[in-house]
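Residues are numbered in the working numbering as their position in the sequence shown, beginning at 1, plus a constant of 20.
For glycine and all other residues, C-beta sits at the position ideal for the given N, C-alpha and C.
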Amino acid sequence: MLRQGDQVLVAVVEVAGALVIFVGAVWAAVRFVVEGLRHRSAARFTPIRLSLGRFLTLGLEFQLAADVLRTAVSPSFTQIGQLAAIATIRTALNYFLGREIRQEQRQVAEGERRA
Numbered sequence: 021m022l023r024q025g026d027q028v029l030v031a032v033v034e035v036a037g038a039l040v041i042f043v044g045a046v047w048a049a050v051r052f053v054v055e056g057l058r059h060r061s062a063a064r065f066t067p068i069r070l071s072l073g074r075f076l077t078l079g080l081e082f083q084l085a086a087d088v089l090r091t092a093v094s095p096s097f098t099q100i101g102q103l104a105a106i107a108t109i110r111t112a113l114n115y116f117l118g119r120e121i122r123q124e125q126r127q128v129a130e131g132e133r134r135a
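Pasting the structure below:
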């Protein structure tokens, strides 16, 4: 009974993460098309990329949380190893996404100061 409850919680958190990523991707795609029809400047797409990066980062955090939940109840050494690998990969993805977001934000701020 407890095992089924854990599986439901994991599924809910995984779906939440997937939904965040999906919503972000749809939002970014719609904004990309709208901005692409209005303007031809590549700089107009930077805020869209920043927003998509935030959605991806948040979605990855949910996915990592689901992995932690999955291994929280009586984990085997194999599951712990898999969690460590997944956590490392997702943490690296989040780190590089965050770094790119900060760089893009600096570029946007510099562009606004010049304008």
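Taking the C-alpha atoms as reference points, what is the distance between residue i and residue j?
i, j, result
"Ile121", "Glu130", "14 Å"
"Gln99", "Ile109", "15 Å"
"Phe65", "Ala105", "33 Å"
"Arg126", "Arg133", "11 Å"
According to DSSP, is residue i helix, strand or coil?
i, result
"Val93", "coil"
"Ser71", "helix"
"Arg60", "coil"
"Met21", "At Met21 the pLDDT is 46, less than 50, meaning the model places this residue with poor confidence; the figure from the coordinates comes in the next sentence. If DSSP states are grouped into helix, strand and coil, Met21 belongs with coil."
How close, in whole Å, do the beta carbons of residue i and residue j come, if the pair is a contact with beta carbons under 8 Å?
i, j, result
"Val93", "Asp26", "5 Å"
"Gly44", "Leu72", "6 Å"
Counting beta carbon pairs with one atom in the segment 30-48 and one in the segment 70-83, are three or more of them shorter than 8 Å? yes
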